[in-house]
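A.B. asks:
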Amino acid sequence: MQYTRLLGKYASELKYEDLPAEVIEQAKKITLHTIAVAIASMNVPTAQKAVEMVRRKGGTPEATVWGTDLKVPVEEAGFANGTTADTLDWEDCTWTGHASAGAIPAAFAMAEQQKASGKRYLEAVVAAYEVYQRIAMSVQPDLSNYFGKGKGWGLVCWQIFSSTVAAGKILGFDGDQIAAAITKGAYLTPLTLGDTGLTDTYHVAHGVSARCGINSALLTSIGFEPYLDGLDGNSGFWRQICDRVDWDWLDRDLGKDYLIMQTLLKHWPVNVWIEAPLDGLDNLCRKYQFRTEEIAKIRVSPQLDIYTDKGMSRPYVFMQAQYSVPHCFAAYLDNPFPSENWFTQESRQPEGRIAELSRLVEFFGPEMDRYEAFLIFMDRDFPETTVEVTLKNGATVAETLKYPKGHPKNNYTFEEEREHFMARTAPYIGAEKAKQFVDAIEHLEEYSNVSEVAKYLIRE
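Its first residue numbered 1, the sequence shown is counted upward by one per residue in UniProt numbering.
1. Give the secondary structure of C242 by DSSP, where H, G and I count as helix, E and B as strand, and everything else as coil.
2. Identify every residue that forms a DSSP beta bridge with L401.
3. In angstroms with no decimal places, state the Cα-to-Cα distance between P269 and E384.
4. Can the beta-carbon of V300 be found less than 8 Å from the beta-carbon of F363?
5. What whole-angstrom Cβ distance do L391 and A330 have, given they're in contact under 8 Å?
6. Distance check for P141 and I441, CA to CA, integer angstroms please.
7. Output the boundary residues of the beta strand (DSSP E) element that contains F173.
8. Assuming R353 is part of the alpha helix (DSSP H), what are its boundary residues?
9. Rank K115, E452, R286 and H267 by C-alpha distance to the C-alpha of E419 and give the top, closest one.
10. Could you tell me if R286 is buried or exposed, where buried requires 16 or more neighbouring beta carbons within 10 angstroms of its beta carbon?
11. So what does I295 bridge to, in DSSP terms?
12. Under 8 Å, do A63 and V74 count as touching if we go by C-beta distance?
13. May I ask you to report which of helix, strand or coil DSSP gives A63?
14. Between the Cα of F224 and the Cα atoms of S216, W342 and R56, which residue gives the shortest distance?
15. Check whether the Cβ atoms of S138 and G213 lie closer than 8 Å to each other.
16. Tell me where the alpha helix (DSSP H) around F374 begins and ends.
17. Could you tell me which residues DSSP puts in a beta bridge with S347?
18. Suppose the cutoff is 6 Å on Cβ atoms and the five residues either side in sequence are ignored; what does the same chain contact list for S100 look like?
19. Check whether the Cβ atoms of V65 and V51 sit closer than 8 Å, and answer yes or no.
20. Indicate the three-state DSSP secondary structure (helix, strand or coil) for S163 in the structure shown.
21. Among L198, G430 and A434, which residue has its Cα nearest to the Cα of F421?
22. V361 by DSSP, collapsed to three states: which one?
23. State buried or exposed for K310, treating a residue as buried only when at least 16 other CB atoms are found within 10 Å of its CB.
24. Thinking T4 and G230 are a contact (beta carbons under 8 Å), I'd like their distance in whole angstroms, please.
25. Start and end of the alpha helix (DSSP H) containing I260?
26. Find the nearest neighbour of I160 within the set E372, K15, S451 and G185, judged by alpha-carbon distance.
27. Spatial neighbours of D232 within its chain, please: C-beta separation below 7 Å, excluding the five flanking residues on both sides.
28. Exposed or buried, what is D379 when buried is set at 16 or more other beta-carbons lying within 10 Å of its beta-carbon?
29. How big is the Cα-Cα spacing for H407 and E22?
30. Can you tell me the Cα-Cα spacing of P226 and C157, whole angstroms?
31. Quick one: does S448 have its CB under 8 Å from some CB of chain D?
32. Secondary structure at K310, three-state DSSP: helix, strand or coil?
33. What does a CB cutoff of less than 6 Å around L357 pick up in its chain, not counting 5 residues either side in sequence?
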């Protein structure tokens, strides 16, 4: 089976008119969510460095760097927006990583450069997700021994196909051209190390992957000799980044089961396995209206090994704080409005209010391996979480929940995404522009030129 060509043909022939209404709306919601959290990261040094890097490089002004006054070459917009989309770890979470940090920067930048229609943009996003997710699922390693060998999980490796397919679709590629671009994407795939040292290199890798995906499409468009079978055979993409391949995934229910609908849109700027615990705490605080000073202790179940690895001691870097249940709970109790302020250097000090509040948190119940949790997610479910708060007066209240806000079985409505976008972006681009952008995305299929929408993302 020539899977690369099959996926290319599918992506090239995908039409807006054939898409279910809920799939189109999901593409719009993912667009709002991703751009919102990218703009919300503008005060974080990682985002500022990415923006400064493309500012210094200059070049032809083709596409907007969201939340700034910059227009830069299309691939540089992909890099900057791909990096900022992941900086707060607040975008989407698919079964295999953050497809939105590739698909949305690439599709939006290319649509802006090409003056593509809103319908073409939405087609590109859906095609990107459907192809990306199937490639990613086909190359999942044997988790029982892979990581013990020092291998890294390749989320920024296969992410390149979300940006590659999105860019190729905007450029109007036929099936063979998209297959050729996918193959070039395989050649340009960033490596994933087993350890990034918990540095912002991890976030930058998402921007690099977005840029390389766009370049895969641009290399194809200029006419370099095509090779159409990069995913196939015993020496295909899978062999370079994994220890096995599941060929069945590459065309499983293609065109019938829209995997974009299995995307989790994150409610909080934290690791995905802290989404449900934070929802539990937030629900209890809203329901019972107790004050932080009234809390004696908070217990959370189950305990994932990732909490122990990266969060049980005081976090010493930004990313580690996002993996720490005690830190995230303490930051929420100090200020329930989520932002980069939850993870500042000051908040990570071994003494102070956040450190004191974090000591209220402990774990109970069974332990769970993080990869077991991912297998549950891949089965279209989610690990059940219990949060229990004991007050100083002896009263105990608890919340058990299955699906955090943003999970496919507890998804955002469009109006909730509107509220999320407004809250995250109005401080940067102004409430009026934020509203205009959401209104435009709601009716994006009516626009003949996406660049007319991009103007609302410029920070004066």
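Backbone N, C-alpha and C define an ideal beta-carbon position, used for all residues, glycine too.
C.D. replies: Short version:
1. Walking along the sequence shown from the start, residue 242 turns up at place 242. C242: coil per DSSP, three-state reduction.
2. Counted from its first residue, the sequence shown places residue 401 at position 401. Paired residue(s): T385.
3. As a position in the sequence shown, residue 269 is number 269, starting the count at 1. As a position in the sequence shown, residue 384 is number 384, starting the count at 1. Between the alpha carbons of P269 and E384 lies a gap of roughly 20 Å.
4. In the sequence shown, counting from the first residue as 1, residue 300 sits at position 300. In the sequence shown, counting from the first residue as 1, residue 363 sits at position 363. Closer than 8 Å, so yes.
5. For the purposes of this step, residue 391 is taken as the residue at position 391 of the sequence shown. For the purposes of this step, residue 330 is taken as the residue at position 330 of the sequence shown. Taking a contact as a CB-CB distance under 8 Å, the pair L391 and A330 does not count as one, their CB atoms being some 17 Å apart.
6. Reading the sequence shown from its first residue, position 441 is the one you call residue 441. Reading the sequence shown from its first residue, position 141 is the one you call residue 141. Whole-angstrom Cα-Cα distance: 37 Å.
7. Here residue 173 is taken as the residue at index 173 of the sequence shown, counted from 1. First-last for F173: undefined, no H or E at that position.
8. By one-based count along the sequence shown, residue 353 stands at place 353. It spans R353 to S358 - the alpha helix (DSSP H) in which R353 sits, taken as one unbroken run.
9. For the purposes of this step, residue 419 is identified with residue 419 of the sequence shown, where counting begins at 1. Among K115, E452, R286 and H267, the Cα nearest to that of E419 belongs to H267.
10. Position 286 of the sequence shown holds residue 286. Exposed is the call here.
11. As a working note, residue 295 is residue 295 in the sequence shown. According to DSSP, which records beta bridges pairwise, I295 is partnered with L391.
12. Position 63 of the sequence shown, counting from 1, holds the residue named residue 63. Position 74 of the sequence shown, counting from 1, holds the residue named residue 74. For A63 and V74, yes; Cβs fall inside 8 Å.
13. What you label residue 63 is simply residue 63 of the sequence shown in a count that begins at 1. In the structure shown, A63 sits in a strand (DSSP, three-state: E or B).
14. Locating residue 224 in the sequence shown gives position 224, where the first residue counts as 1. Measuring from the Cα of F224, the nearest candidate turns out to be S216.
15. Locating residue 138 in the sequence shown gives position 138, where the first residue counts as 1. Locating residue 213 in the sequence shown gives position 213, where the first residue counts as 1. No; because the gap between Cβ atoms is not below 8 Å, this pair is not in contact.
16. Sequence index remark: in the sequence shown, residue 374 carries index 374 (1-based). Membership of F374 in the alpha helix (DSSP H) is indicated by the continuous run R370 to M378.
17. One-based indexing of the sequence shown puts residue 347 at position 347. BP columns for S347 are empty, so no partner.
18. The residue you call residue 100 lines up with position 100 of the sequence shown. Answer for S100: I30, T34, E91 and D92, listed in chain order.
19. Position 65 of the sequence shown holds residue 65. Position 51 of the sequence shown holds residue 51. In this structure, V51 lies closer than 8 Å to V65 by Cβ.
20. Stepping through the sequence shown from its first residue, residue 163 is reached at position 163. Helix.
21. By one-based count along the sequence shown, residue 421 stands at place 421. Per the Cα distances, A434.
22. The sequence position of residue 361 within the sequence shown is 361, counting from 1. Three-state result, V361: strand.
23. Along the sequence shown, read from residue 1 onward, the residue named residue 310 stands at position 310. Residue placement at K310 is poorly supported in this model, since its pLDDT is 49, which falls under 50; the coordinates still yield a value, given next. Burial call: buried.
24. Against the sequence shown, residue 4 aligns to sequence position 4. Against the sequence shown, residue 230 aligns to sequence position 230. With 8 Å as the limit, T4 and G230 qualify as a contact, their Cβ atoms being about 5 Å apart.
25. Here residue 260 is taken as the residue at index 260 of the sequence shown, counted from 1. Run containing I260: none; DSSP gives neither H nor E here.
26. By 1-based counting over the sequence shown, the position of residue 160 is 160. It is G185.
27. Position 232 of the sequence shown holds residue 232. Q2, Y3 and T4.
28. Position 379 of the sequence shown, counting from 1, holds the residue named residue 379. Answer is exposed; the Cβ neighbour count stays below 16.
29. Counted from its first residue, the sequence shown places residue 407 at position 407. Counted from its first residue, the sequence shown places residue 22 at position 22. Each residue's alpha carbon lies about 15 Å from the other.
30. Against the sequence shown, residue 226 aligns to sequence position 226. Against the sequence shown, residue 157 aligns to sequence position 157. Spanning the two alpha carbons is a distance of roughly 21 Å.
31. No chain D is part of this structure, which consists of one protein chain only.
32. The sequence position of residue 310 within the sequence shown is 310, counting from 1. Note that K310 has pLDDT 49, beneath the 50 cutoff, so the model's placement of it is unreliable and no number is given.
33. Indexing the sequence shown from 1 puts residue 357 at position 357. Closer than 6 Å at the Cβ level, and outside the excluded window around L357, lie A330 and L333.
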